[in-house]
Each structure stands twice: as structure tokens, then as C-alpha cells.
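What follows is a short report on a single structure.
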Amino acid sequence: MNTTPNDVTNTDIAIVGGGMAGACLALLLAHHCPEQRVTLLERHPLPDSGAALNLPSFDTRATAIAAGSLRIFDELGLWPQLREFAAPIRRVQVTDRGHSLGASLDAAREAAASFDGMLGAVVENAALGPLLYRALAGTRTEILAPAEVTGVTMTAAGAALALANRSEPLHTKLLVVADGVGSPLCRQLGIASEEVDYHQEALVTTVGLQKDHAGVAFERFTDTGPMALLPLPRRDGIHRAALVWTCEREDRARLESLPEAEFIQHLQRAFGWRAGRILRAGRVQGYPLKLSLAREQVRRGLALVGNCAHFLHPVAGQGFNLTLRDCEALALAIARNGEKDGTHERQTGPGELDLLQAYWRERQHDQQLTIGFSDRIPPLFASQSLLVGGLRQAGLLALALAPTLRAAFARQAAGLAL
Ligand SMILES: Cc1cc2nc3c(=O)[nH]c(=O)nc-3n(C[C@H](O)[C@H](O)[C@H](O)COP(=O)(O)OP(=O)(O)OC[C@H]3O[C@@H](n4cnc5c(N)ncnc54)[C@H](O)[C@@H]3O)c2cc1C
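Okay, structure coming up:
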């Protein structure tokens, strides 16, 4: 692992947080602006190359990576390695429990919203982490780990970071905060968040299926909220899928503690038989559901990316995909600015306010669309009201019948609706 000693005192760009957001931003910066000195700080220790990473981002979850994001990984040269442990999504099937009407999106039919014949791919986070860090080891990124940032002071030149167990601060022209939801650094900087508590939990586990999922991702709407069953690659001859099951907060402990056979019974009843018989269920992990949006994402010398900027409902599978698009846009904005510096048109650095505001303006439209998509769809489908149920069925009918609407939905879900 490319872990450098803690003697770095100056850098161009310091990224605090080595989760999915921080690691991907570091890769995109190395690709688009190799002239920038980038330092990634992660408070957890990082193991040697290839070993599992003990970081929150790379736990037992799986992530649906949209076609638009696969294109970004392809540009970074990572798609050949990623596809070895990714399960392609060839079709998305949306159904509403208790109603026969459903809608489906097909990679073959929605060619503009697909990549390499797929609408997206599902990867297990535990496998994604080592891949990202192996790729980072091949770049000039300085990785400080374990390195916990305990305080930040904004300065005329950028920011000074205080680190645990180190007396020397780290000076940076641009500080990128990527320390996750409920960020203490954002609180310290006086950046508040707007929060909507959905009063629900997402139960996440891996299930074993009797039959092959054939690349179908199932989105199922039930009385308690949406469920997603995402295809995973076969392991040891077992057909596998990743489950995200929304439940009421008070039901979490009960469902989590059920013996496997009883959990499967409940799950099969709630999900139905579209994916066939569910044979196995792994350890169930719960995540509280909320929407959290930072009130500011850029200031002079400062940018926020990932969960600390926007934390979304996970069922629509948009959070990481949106973050990856933000990170690409930020890296490109810094690269464009660097070119101007090169021609001596202006002498600026990556923390310049104009650059960061231009980045933020560019991202606003996509963020608003994606956040709206993730925030409105799950509650709509969780409602038991007859009126909302009728609207939901009308929506599914429209999706089933109208090619333009279906294509727009597919493009949004695939991370291409820009
Ligand atoms: C159940 C669930 C399912 C999901 N499924 C999908 C999906 O299918 N598709 C999708 O697009 N998105 C999905 N998401 C969203 C996705 O997981 C997030 O976008 C992703 O986790 C972003 O992580 P992050 O790097 O911003 O934050 P984190 O994962 O929280 O990482 C923050 C990092 O910062 C480090 N850190 C914190 N404070 C400090 C400090 N002071 N100093 C140094 N380091 C620090 C932490 O140790 C951590 O490693 C899902 C989310 C959930 C909860």
C-alpha cells in the first residue's frame, strides 16, 4: 500500500476521508491533473495491497454502478479489472406489491442509457475498495493513513489541517472534505445540513437464489417501502443477489435477529416469487435512512464531496453515482484551471473561488434532479393511501407504455440524465 510517512507539510489538494468518495476523487485528480500534488488522509489504517479494507465505505454492502459511472471507470482504465467481479445489470424490473402492473427497462432497448450492453453493474464494496487502492498505488497520490484530521483553519493560502499525533499542521491550497455523513469537519467550519429523517431503515444482506437472476435487477414496492434485489456474480456455484429492504425503524431489530429460515420466509412473502425461491440469507446489516444535504458545498479553498455533501435514500442506487460525477467534474474544473495557469493567462491555484463556484454551478442541475429522484420515489411507493397507490399505478402504466418517459427514467437511473 502506498502509505507515505507522516512528514508531508505542504500539498496542493488535501482530501480528508479515504472512503469511496475520497479514493475516487484522488484517482480522478491523478488522471486529469497529474501536475497537482494530492494528499489523501484516512483515519483508519490501510492494510497491505489486496487485503480487505476496514473502512465504512467498503463493508458488506453492494453498489449498483450506473452505466454513466462505468464509463468513468473505463476512462480511468479500471473497467477490465472491475468487470471481473461485477455482475452486469441487463434489465431493471419495477413492480408494485398487490398489483399486476409493472415496468421494465432493458439494456437492449435503452441503448443510449447503457454501457457495453448493460444498464449498470453491481459490485461488492469489499471488492471495490482494494481495487481502488491498488490503482491509487500506481499514482503519485500521497496517502497518509492512519491520519485523523482533528481540526481545520482556513487561511489566506487555503487551509491548515491539524492531525492527531502530529504537531506539524498540513497546509493545503484546496481542502476537499470527504469524511462521510454527519461530518464533524463541516460542523467545525459552520456548514449546516438540511435533514429529512425517513424514520425507516435499510436492511442489507446477500441472498442465495435457486435460479439464475439472468442480470435482472428487481425494484419492488411494498407497503413498508421499496426493496431492491440486485444481481451478484455466482460464488461457489450459488446464484447470489444483494438485497436492500426498507422497513419501519421499529421492525429493524426484530427482522435483524430472526433465524435465517424465518427471515427468508418474511422476505419471500414481501418480495414475491419473481426472482424464484430464496434459499439462503447472510448476516443482515441495518442503515438508518435519511436525506442530508449540506447548505454549502464550496468556499474559497474548500469543497465537499460524497456523503458529507449529500446523503440520499439508497434504494434508488444514486448516491455513489452522483458523487462520482461530482468528483469527475471537480477534477476537470481543476485541470482546466491548470491549463490557464500553464499559459500564464492567470496565476491561480485549485482553491480559487471562481473555479470552485463554476464547478458548483455546473453540478447543481444534476444534483437537484438526482436528489429529487431519490427523495420522491421511495416515499411515493411506500404510501398505503389509495390516492397515492392510484398515482403510482398510473406512473408505472405510463412507464410501461411511453417509450420517451421510459427512456428518460432509464437515463436518470443509469446516471446519464444530464
Ligand atoms: C445501504 C446503502 C446502500 C447503498 N447503495 C448504493 C448503490 O447501490 N449505488 C450508489 O450509487 N450508492 C449507494 N449508496 C451510497 C454510497 O454508499 C455512498 O455514496 C458512499 O458510501 C460514499 O461514501 P463517502 O466516501 O462519502 O463516505 P464514507 O464511506 O463514510 O467515508 C468517509 C471516510 O472518511 C474517513 N474519515 C472520517 N473522518 C475523518 C477524519 N477526521 N480524518 C480522516 N479521515 C476521516 C472515514 O474513516 C471514512 O473512511 C448506498 C448507501 C447505503 C447506506
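According to full-length UniProt numbering, the sequence shown is numbered sequentially starting from 1. Built from N, CA and C at the ideal position, the CB exists for glycine as well. Computed from a prediction, not measured in an experiment: that's the story for all the values here.
Original post:
So which of P226, A294, G22, E35 has the shortest CA-CA distance to T11?
Top reply: For the purposes of this step, residue 11 is taken as residue 11 along the sequence shown, with counting starting at 1. Distance from the Cα of T11 is smallest, within the candidate group P226, A294, G22, E35, for E35.
Subject >> Length of the line joining the Cα atoms of A358 and R299 >> reply: Sequence index remark: in the sequence shown, residue 358 carries index 358 (1-based). Sequence index remark: in the sequence shown, residue 299 carries index 299 (1-based). A358 and R299: Cα-Cα distance of roughly 11 Å.
Subject >> Three-way DSSP call (helix, strand, coil) for L255 in this model >> reply: Walking along the sequence shown from the start, residue 255 turns up at place 255. Helix.
**OP:** Measuring alpha carbon to alpha carbon, tell me which of G19, Q93, V123 ends up nearest C327.
**Re:** Counting from 1 along the sequence shown, the entry for residue 327 is found at position 327. Closest option to C327, Cα to Cα, is G19.
**OP:** Verify whether the separation of the beta carbon atoms of L163 and C24 is less than 9 Å.
**Re:** For this step, residue 163 is matched to residue 163 along the sequence shown. For this step, residue 24 is matched to residue 24 along the sequence shown. With a cutoff of 9 Å on beta-carbon distance, L163 and C24 are scored as not near each other.
Subject >> Per DSSP, the bridge partner or partners of G120 >> reply: For the purposes of this step, residue 120 is taken as residue 120 along the sequence shown, with counting starting at 1. The partner list for G120 (beta bridge, DSSP) reads A66, I89.
Subject >> Under the three-state DSSP convention, the category Q210 falls into >> reply: Within the sequence shown, numbered from 1, the residue matching residue 210 stands at position 210. If DSSP states are grouped into helix, strand and coil, Q210 belongs with coil.
Original post:
What is the residue span of the beta strand (DSSP E) that I143 lies within?
Top reply: To locate residue 143, count along the sequence shown from 1; it is residue 143. DSSP places I143 inside the beta strand (DSSP E), whose first and last residues are 142–144.
**OP:** Give the straight-line distance between the Cα atoms of L399 and G151, rounded to the nearest whole angstrom.
**Re:** Position 399 of the sequence shown, counted from the start, is the residue given in the question as residue 399. Position 151 of the sequence shown, counted from the start, is the residue given in the question as residue 151. The predicted position of L399 is uncertain, since its pLDDT is 49 and thus under 50; no value can be drawn from it.
**OP:** For the beta strand (DSSP E) holding C247, just list the boundary residues, first then last.
**Re:** Position 247 of the sequence shown, counted from the first residue, corresponds to residue 247. Residues 238–248.
Subject >> DSSP three-state assignment for P314, whether helix, strand or coil >> reply: Here residue 314 refers to the residue found at position 314 of the sequence shown. In the displayed model, P314 falls within a helix according to three-state DSSP.
Subject >> Check: V181 C-beta below 8 Å from any heavy atom of ligand 2 >> reply: Within the structure as shown, ligand 2 is missing, the only ligands being ligand 1.
Original post:
Are N165 and S57 close, meaning C-beta to C-beta below 9 Å?
Top reply: By 1-based counting over the sequence shown, the position of residue 165 is 165. By 1-based counting over the sequence shown, the position of residue 57 is 57. If you check the CB distance, N165 and S57 do not come in under 9 Å.
Original post:
In three-state DSSP terms, what is P169?
Top reply: Along the sequence shown, one-based indexing puts residue 169 at 169. Residue state, collapsed to three classes: coil.
Subject >> Pick from L324, Q364, L291 that is closest to E75, judged by C-alpha positions >> reply: Position 75 of the sequence shown, counted from the first residue, corresponds to residue 75. The candidate whose alpha carbon is nearest that of E75 is L324.
**OP:** For T39, count neighbouring C-beta atoms within 10 Å of its own C-beta (all shown protein chains included) and say buried if the count is 16 or more, exposed if not.
**Re:** Against the sequence shown, residue 39 aligns to sequence position 39. By the 16-neighbour rule on beta-carbons within 10 angstroms, T39 is buried.
Original post:
Got a sec, what are the start and stop residues for the alpha helix (DSSP H) F221 sits in?
Top reply: Numbered from 1 along the sequence shown, position 221 holds the residue referred to as residue 221. Element bounds for F221: not the alpha helix (DSSP H) but the beta strand (DSSP E), 216–222.
Original post:
So, are the CB atoms of D116 and L70 less than 9 Å apart?
Top reply: As a position in the sequence shown, residue 116 is number 116, starting the count at 1. As a position in the sequence shown, residue 70 is number 70, starting the count at 1. Between D116 and L70, the gap from beta carbon to beta carbon is short of 9 Å.
**OP:** Could you tell me whether any non-hydrogen atom of ligand 1 is closer than 8 Å to the CB of G272?
**Re:** Indexing the sequence shown from 1 puts residue 272 at position 272. Taking 8 Å as the cut-off, one finds no heavy atom of ligand 1 near enough to the beta carbon of G272.
Original post:
Secondary structure at N10, three-state DSSP: helix, strand or coil?
Top reply: Counted from its first residue, the sequence shown places residue 10 at position 10. In this structure, DSSP gives N10 an extended state, which the three-state scheme calls strand.
Subject >> the stretch 266–282 contacting the stretch 199–215, beta-carbon criterion three pairs below 8 Å >> reply: Contact check between the stretch 266–282 and the stretch 199–215: three or more CB pairs, one atom from each, fall below 8 Å, which counts as touching.
Original post:
When the Cα of F311 is compared with those of Q93, L369, S374, D106, which residue comes out closest?
Top reply: For the purposes of this step, residue 311 is taken as the residue at position 311 of the sequence shown. Closest by alpha carbon: S374.
**OP:** Count the CB pairs spanning the stretch 250–266 and the stretch 105–113 that are closer than 8 Å, and state whether there are at least three.
**Re:** They do not touch, by the three-pair rule.
**OP:** Could you pull the start and end residues of the beta strand (DSSP E) that R234 belongs to?
**Re:** What you label residue 234 is simply residue 234 of the sequence shown in a count that begins at 1. Unbroken beta strand (DSSP E) run through R234: 225–235.
Subject >> Neighbour-count burial assignment, V8, 16 or more Cβ in a 10 Å radius >> reply: The residue labelled residue 8 in the question sits at position 8 within the sequence shown. Taking every protein chain shown into account, the CB of V8 has 16 or more other CB atoms within 10 angstroms, so this residue is buried.
Original post:
Secondary structure at L104, three-state DSSP: helix, strand or coil?
Top reply: Within the sequence shown, residue 104 is the residue found at index 104, counting from 1. Here residue 104 is Ser; the residue named in the question, Leu, does not match the sequence. Taken through DSSP and simplified to helix, strand or coil, S104 comes out as strand.
Subject >> As assigned by DSSP and simplified to three states, the class of A174 >> reply: Here residue 174 refers to the residue found at position 174 when the sequence shown is read from its first residue. Inspection of the sequence shows that residue 174 is occupied by Leu rather than by Ala. The answer is strand: DSSP assigns L174 an E or B state.
**OP:** Determine the burial state of E352: buried for a count of at least 16 other Cβ atoms within 10 Å of its Cβ, exposed for fewer.
**Re:** Here residue 352 is taken as the residue at index 352 of the sequence shown, counted from 1. So E352 counts as buried.
**OP:** Identify which residue in L322, L203, D212, D366 has its Cα closest to the Cα of G225.
**Re:** To locate residue 225, count along the sequence shown from 1; it is residue 225. Taking only the C-alpha atoms, the option nearest G225 is L203.
Original post:
Just the Cα atoms here: how many angstroms apart are Y198 and L293?
Top reply: In the sequence shown, counting from the first residue as 1, residue 198 sits at position 198. In the sequence shown, counting from the first residue as 1, residue 293 sits at position 293. CA-CA distance, Y198 to L293, rounds to 14 Å.
Subject >> Residue environment, V94, which counts as buried when at least 16 other CB atoms sit within 10 Å >> reply: The residue you call residue 94 lines up with position 94 of the sequence shown. Result: buried.
Original post:
Who are the Cβ neighbours of E219 in its own chain at under 8 Å, not counting the five residues just before and after it?
Top reply: As a first step, residue 219 is located in the sequence shown; it is residue number 219 there, counting from the start. Here the set comprises V92, Q93, V94, T95, P226, M227, A228, V315.
Subject >> Residue burial classification, S167 (beta-carbon count within 10 angstroms, cutoff 16) >> reply: Along the sequence shown, one-based indexing puts residue 167 at 167. Under a 10 Å Cβ-count criterion, S167 is classified as exposed, with fewer than 16 other Cβ atoms of the shown protein chains found around its own Cβ.
Original post:
Around the Cβ of W360, are there at least 16 other Cβ atoms within 10 angstroms (buried) or fewer (exposed)?
Top reply: Sequence index remark: in the sequence shown, residue 360 carries index 360 (1-based). It counts as buried.
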